[in-house]
Amino acid sequence: MVVTIDLKSNTGLADACHAALEQHRKWHHLDGWISRLSTWLARVEAADHDTFVSAAFQRELWEERTIAATGQGHIDVSAVIASNAIAEMLWDLKQAELPASEDERIAWFGAAWERLDDSVLALVPKRPRLKMYRVFASLWPAHFTTVAHYQKLRALGKAMGLSTGLDHRTELHQRVLQRFDEAGVATTSREERMTLAWALFVHFVQEKSDAATEVPGESPSELKLNPLPAERRRRGMLAINGSVPSVVAMLAFAKDGCKRADFLEHIRSVNPKLATNSLGTNLNALIAEWGALRSTGDDLYLTPRGEALLESGEAEDVSDWLLTQILGFDNLLHALDQAPLPQKQAISRLQRVNPGWTSNFAPTVLINWIKGMELAELDAAKVLHLTPRGREWASRIHWKPGELPARVKEAADTASTSVVTEVDDLWSQLPSVQAIKASFGKDLAFDPSLITQLHTGVWNRRHPRRHFAVLTGLSGAGKTLLAMGYAKALWAHADEEPGDQKGWHVVAVQPGWHDPSSLLGYVNPIDTDVYMRTGFLEFLLRASADPDRPYVVLLDEMNLSHPEQYLAPLLSAMETGDDIELHALGDEVGDVPGRLPYPANLVIIGTVNMDETTHGLSDKVLDRSTVIEFWDIQVEQYPGWTTTTLAPDDLTLVKTVLAELMAPLRAVRLHFGWRTIGDVLGYVEAGVDGGELTARQALDLSVYAKVLPKLRGEDTRRLREAFAAVSTVLAAHQLDTSATKVKELTVDLHEQGSARFWR
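Numbering (the working numbering), first residue to last: 1063 to 1821.
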C-alpha cells in the first residue's frame, strides 16, 4: 500500500480528495458513472409501494451493479428476490424516519442490517454481503459510500486515521463521510460524495506495485485483476488437510498479531497429525500461496486479504491472489470455462503449463483446491465442470493465461554456455543502465560512471551466482548512497509499502562476528525445535522464493569483522553451486529448511572503510567480488550548495576553504567526503542563523570538529608537506582555532615521529 499524501490531516485529506476526483474523472469516466448513479438513485426514490415490492424491481435492487461492480457477487439470491416478506421489510425500512442523533442513526443502520441479514440467511446458504451493500447504498445514498468491499473500506479508514474496531460494519461508511465533512471537502452532488471514497482508495490507498493484484478497470466502479507473468508465479499449492476451513482456523490465531513459534504450535493444534517438519511449510503457504499473512522478523500479522478471509470464511476474498499469483490456477479455470475436461486431461493441461510437473502430484493438488473452493465439481464420469461460482471467477480472467517454457539442459561439456543462458534469464529482466542512472536523479553526489561500474561488475555474464561488489574508499563519499540507490533502481517498477523494502535489505555488520550465525541464524540450543531467525535469513528465503527478480543485500561496514568468516557458507555456495547449509537437524526446524540452494538472484554489495578499526579483505573475498573505489571528491559538485541559506560571500568562503583543504589532504588520503562537507555547511548555517557566530567563526569551529580529527600518521615527507599546506590555508582565511591545532600536530610529527588529533 502506498499513501503519498497524509490523509489523516484535514488539509492532506482535502487535497487528496480533489486530486482523486480529478484523476478518476480524467482516467475512468467518473462523470458517466455519476450520471448513471444519479439516474438509478432517482428511480429508487421515486418508486411507489407496488413498484418497489414487485419481483422485477427487487431483482434490479439486488442485482444492479451501478453502485459497485467490484467483487464476485455470484451468490444466487433468487429466493430473496422472490420473498415478499423481505421486499416489505425493505419498504418499511426505506420509509422509516432516521434518528436525528448521529450515534442513534449509526445504531439504527446496524440493527437494520442485522435484521435483513437474518432474513436473507434463512433463504441462501451464504451471506451476499456485496449485494446487501448495494441495497443499503441504493436506499440511503447520503449515508453510504460506493466501496462495497469492507476490507478496502477498512484500508481507506486506516489511512484516514479512523478506528476500524467499530460496533458494526455499516458504521465505517458513515465515519468516512464524516471525515470528508470535517476536512471541508466540497462535492457537487451526493453521487459525487458517494463515489469520492472509491476514487480516494484507487488513487491513494490501494497497492501501486507491480505485485498489486488489482488495478483500475474500464468501469470506474471496479478493479480488474493484474496478473503476474507465468515465470514469476508461485509454482503450485500445498495440500492442507481440511481445505479452506483449516486455512481460516489457522489465520484466526494471528488476528491481533503473534509470534512465529506460537503460530506454528497453533497450526499443530489445527492439524494434530501434521509432522513437525511440515508446520513451517504450512506457514509459508499462508504467506506465499494465499497472501494472507506477512512476517516482520519473528512477528506475524494478517494482511488485509487475510483479515477478509478470516471474517467471511469465503475463498472469494483471496481470489485476486490465487488468480494472479499462483501458476496454473487461472489456466485451469480458463480451460474449464471453454469446455468441461476429464480429470486426466485437466492434469495433462496443467503439466503443459509447467513442464517441471512431471508427476500428477502438483496438478492434482491444484485441482483438489479448485474443487474444495466449490469452483469446479467432478461428475460421475470424472469430468470436471465449473460451478456458477467457478464461472464467476473465470469471468475475471481477461488475459491469456501464460505457461512456462520448456528448458533444455546442456550437457556437462557445454557447461559454460549453460551458465551464460542461466544468467541471461535474469539479465533480461533487469532495467537498462540508462534507466538505472535516471532513477538516481540529476544531483548525484558521485561520478555517474560508478553506477555503470557497479552494474557491470555484479552481473558477471559468465557466472550464474557471483553477484558481489565491494565499495571501498573514503568515508562519506557516497558508497552507501550508490548501493541503496542501485538496489531501489532495480525495483523502481515495483515500489513497496514504506518499511517493507521487499527487494533490498541492509545488514549493519558488527565487530566480533566470527561465524555465520550472525547472518543465517541458528538452532536454539535449549529448544531444538526453534530456529533463531535473522532479518538476513528472512531476506534470503524471500529471494529464493522469487528467483526471477534481483534481491540486493547491503553489508554496511562489512570489514568490521572478517567477511571470510561470517560469509563462509555463502562464499562457498556462490562459487560451487552447492546448497547453503543452515542446520543439520533434518528437513526443517520450525519453518527453516536444513539446506537452501544459493539464490542466483542474490546481489551482495559491501561497503568498506580502511582504518585501524577494520580488517583487510582476504583473497577469498576479493576473488569473488568486484572492487570499486571511492576517493576523488570535487567540492564544487556537492549538491547541497544550491539549497543553502548562507549569503553569497559566506558561501564562497566555505567553498573556497574546503576546496583548498581538499587538495593537500587528498595527497595523503586524509581528505573528506560528502558527509563531512554537508556537516560543515550545516554547522555554518546553524551558527549564522543563530546569530551568535559569524560565518568565519562557525567555519573555523566546524573544520576543527569535522576535518581535523582525521589527521593522523607517521612522520613522512608527504605528511609534513600536507600539514604545512593545511596550516597555510587555515592561516590565510583566519581560521585561528583550527590553525593552532594543526601547528600542535606538526610539532608532534617532528618531535615524536607521529601525530594524531587525539592525544
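All C-beta atoms in this analysis are idealised placements derived from N, C-alpha and C, irrespective of residue type, glycine included.
Give me, in chain order, the residues of the same chain whose beta-carbon lies closer than 6 angstroms to that of residue i; leave out the 5 immediate sequence neighbours on both sides.
i: ALA1199; result: ILE1129, PHE1206
i: GLU1722; result: VAL1791
i: PRO1366; result: GLN1213, ALA1217
i: GLY1749; result: LEU1755, ALA1760
i: THR1476; result: For THR1476, the predicted model reports a pLDDT of 34, less than 50, meaning its position is unreliable and no value from the coordinates is stated.
i: ALA1261; result: ALA1082, LEU1083, HIS1086
i: ARG1255; result: THR1249
i: ALA1370; result: GLN1213, ASP1379
i: ASP1741; result: LYS1768
i: PHE1598; result: VAL1569, LEU1581
i: LEU1069; result: LEU1075, ALA1078, ALA1221, MET1222
i: PHE1692; result: GLY1535, LEU1536, ALA1539, LYS1541
Using C-beta distances below 7 angstroms, list every residue in its chain close to residue i, excluding the 5 sequence neighbours before and after it, in chain order.
i: VAL1142; result: TRP1124, ILE1148, VAL1182, LEU1185, VAL1186
i: HIS1624; result: HIS1677
i: VAL1065; result: Reliability of the predicted coordinates at VAL1065 is poor, the pLDDT of 42 falling under 50, and no value is obtained from them.
i: TRP1383; result: THR1275, TRP1352, GLY1353, ARG1367
By the 10 Å Cβ neighbour count, where 16 or more other Cβ atoms means buried, how is residue i classified, buried or exposed?
i: ASP1562; result: In this prediction, ASP1562 scores a pLDDT of 45, lower than 50, which makes its location untrustworthy; the coordinate-derived value is nonetheless stated afterwards. So ASP1562 counts as exposed.
i: ILE1588; result: exposed
i: TRP1095; result: buried
i: GLU1698; result: exposed
i: PHE1061; result: The requested residue 1061 is not part of the displayed model; the chain covers only 1063 to 1821.
i: SER1421; result: exposed
i: PRO1510; result: exposed
i: HIS1529; result: buried
i: PRO1203; result: buried
If you draw a straight line from the alpha carbon of residue i to that of residue j, how long is it in whole angstroms?
i: THR1705; j: ASP1360; result: 42 angstroms
i: ALA1377; j: TYR1584; result: 37 angstroms
i: ALA1443; j: ARG1252; result: 55 angstroms
i: VAL1485; j: SER1687; result: Annotation note: pLDDT 48 at VAL1485 (below 50); position unreliable, no value reported.
i: ALA1118; j: ASP1318; result: 45 angstroms
i: VAL1415; j: HIS1525; result: 29 angstroms
i: ARG1737; j: VAL1716; result: 15 angstroms
i: ALA1169; j: THR1226; result: 16 angstroms
i: LEU1773; j: ARG1818; result: 6 angstroms
i: LEU1658; j: LEU1632; result: 10 angstroms
i: ALA1174; j: ALA1607; result: 47 angstroms
i: THR1257; j: LEU1103; result: 13 angstroms
i: SER1340; j: GLY1223; result: 40 angstroms
i: LEU1398; j: ASN1586; result: 49 angstroms
i: THR1338; j: HIS1645; result: 16 angstroms
i: LEU1746; j: ARG1782; result: Reading off the sequence, residue 1746 comes out as Val, not Leu. Each residue's Cα considered, the two are about 29 angstroms apart.
i: ALA1408; j: THR1426; result: 9 angstroms
i: SER1501; j: THR1514; result: 13 angstroms
Out of the options, which one is the CA nearest neighbour of residue i?
i: LEU1446; options: TYR1660, GLY1452, LEU1403; result: LEU1403
i: PRO1278; options: ARG1087, ALA1787, LEU1792; result: ARG1087
i: TYR1802; options: GLN1814, LEU1811, SER1789, HIS1812; result: The question names Tyr, but residue 1802 in the sequence shown is Thr. Checked all of GLN1814, LEU1811, SER1789, HIS1812; the closest Cα to THR1802 is SER1789.
i: TYR1660; options: GLU1698, LEU1715, ASP1685, LEU1603; result: LEU1603
i: SER1163; options: PHE1114, PHE1171, ASP1243; result: PHE1171
i: ASP1379; options: ASN1346, ALA1210, ASP1324; result: ALA1210
i: GLY1815; options: PRO1291, GLU1150, ARG1779, ALA1794; result: ARG1779
i: MET1620; options: PRO1573, LYS1406, ASP1653; result: PRO1573
i: HIS1733; options: ALA1605, SER1634, LEU1807, GLY1538; result: GLY1538
i: GLN1120; options: LEU1160, ASN1146, ARG1595, ASP1509; result: ASN1146
i: ARG1231; options: TYR1195, SER1501, GLN1240; result: TYR1195
i: HIS1517; options: GLY1535, THR1534, GLY1503, ALA1551; result: ALA1551
i: PRO1578; options: GLU1643, VAL1568, SER1097; result: GLU1643
i: HIS1795; options: THR1714, HIS1812, ASN1430; result: THR1714
i: LEU1679; options: VAL1592, LEU1763, LEU1533; result: LEU1533
i: ALA1757; options: LEU1372, ALA1709, THR1590; result: ALA1709
With 8 angstroms set as the bound, which would you pick, yes or no: does the beta-carbon of residue i sit closer than that to a beta-carbon of chain D?
i: THR1706; result: No chain D appears in the structure shown, which is made up of a single protein chain.
In chain order, what residues of the same chain lie with their CB nearer than 8 angstroms to the CB of residue i, ignoring the 5 residues before and after it?
i: LYS1335; result: ASN1303
i: ALA1311; result: GLY1304, VAL1332
i: THR1054; result: Lying before the first or after the last residue shown, residue 1054 is absent from the chain, which here runs from 1063 to 1821.
i: ASP1640; result: SER1634, TYR1660
Exercise for the section: Kindly confirm or deny that the segment 1663-1671 and the segment 1604-1615 touch, where touching means at least three C-beta pairs closer than 8 angstroms. Expected result: Touching, yes.
Problem - Segment contact, 8 angstroms Cβ cut-off, at least three pairs: the segment 1628-1638 with the segment 1542-1552 - result: no
Problem - Meets three-Cβ-pair contact criterion under 8 angstroms: the segment 1326-1333 and the segment 1282-1301 - result: no
Handout entry: Cβ contact check for the segment 1389-1397 and the segment 1455-1466: 3 or more pairs under 8 angstroms
Key = yes
Problem - Stretch pair the segment 1108-1115 + the segment 1152-1159: three plus CB contacts closer than 8 angstroms - result: yes
Handout entry: Contact the segment 1291-1307 vs the segment 1231-1250: 3+ CB pairs below 8 angstroms
Key = With a cut-off of 8 angstroms on Cβ pairs, the segment 1291-1307 is not in contact with the segment 1231-1250, counting fewer than three such pairs.
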